[in-house]
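K.L.:
When you number the sequence shown by my numbering, it's gap-free, plus one each residue, and the end is 484.
Don't be surprised by glycine CBs; every beta carbon is placed ideally from N, CA and C.
These numbers come from a predicted model, not from an experiment.
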Amino acid sequence: MEKETIFRIKEGDKEAFEQLYNEYIEYALRTAIAITRNKPDALDAVQETFIRVYRNIIFYDEERPFKPWFFRILVNECHRIMKKKSKVIFIDKYLANSSMYSKEDSYSFEEYEDLYDAIQGLKDINRIPIILKYLDGFTEKEIAEILDININTLKSRLYKGRERLKEALLNIKERRIKNG
């Protein structure tokens with residue numbers, strides 16, 4: 305279906321582009337938020353990504369998978385926006401009203417929040433491959449293509465990222481135990 309949709313987009317079919325947009329918007333936004341660390345910049349990156357995809361789809365090689373091509377554009381847009389702003393903004397804590405959750409939900413949400421904070425604390429060089437692999441489900445080959453790096457370089461970045469995540473999560477756990 306994707307190949308047919310892309311063919312139709314290349315032929316100027318706006319409904320086909322809308323279909324593609326609807327299929328990719330949610331994943332694109334989640335990925336962009338994880339990379340840029342704030343929603344307004346993520347929205348800008350996603351909007352620019354879809355504009356670039358629409359303008360450049362004629363150059364897309366249909367022999368290759370579409371998803372890595374799309375996400376390469378998205379990652380590049382996120383980097384461009386972050387570089388332009390030349391600052392990093394961390395997302396505020398998103399648990400405003402903990403009374404809405406049961407103790408079990410709160411505990412698992414707390415663990416999720418710790419993992420999220422640990423991922424956001426990684427340097428981009430490790431954080432982005434971790435996001436693409438574990439949150440977006442790309443293969444290592446696809447991630448290497450998206451980031452335009454050698455597969456062995458990617459494996460090294462993923463390994464170091466996982467090690468840094470383990471270390472960060474252990475530190476968080478130790479602080480919790482210490483503080484009661």
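Could you check how far apart the C-beta atoms of Ile435 and Ile339 are, in whole angstroms? I think they sit under 8 Å.
P.N.:
The pair is a contact, with the Cβ atoms about 7 Å apart (cut-off 8 Å).
K.L.:
Which residues in the same chain have their Cβ closer than 6 Å to the Cβ of Ile476, if we skip the five residues on either side of it in sequence?
P.N.:
Asp418, listed in sequence order.
K.L.:
With a 10 Å radius around its C-beta and 16 neighbouring C-beta atoms as the bar for buried, classify Gly441 as buried or exposed.
P.N.:
Flag for Gly441 reads exposed.
K.L.:
DSSP state of Gly425, grouped into three classes?
P.N.:
Coil at Gly425, not helix or strand.
K.L.:
Going by the beta-carbon positions, is the gap between Thr353 and Ala332 smaller than 8 Å?
P.N.:
Cβ distance < 8 Å, so Thr353 and Ala332 count as in contact.
K.L.:
Buried or exposed: which applies to Asn430, given that a residue is buried once 16 or more other Cβ atoms fall within 10 Å of its Cβ?
P.N.:
So Asn430 ends up on the buried side.
K.L.:
If you draw a straight line from the C-alpha of Glu319 to the C-alpha of Phe375, how long is it?
P.N.:
Their Cα atoms are separated by approximately 21 Å.
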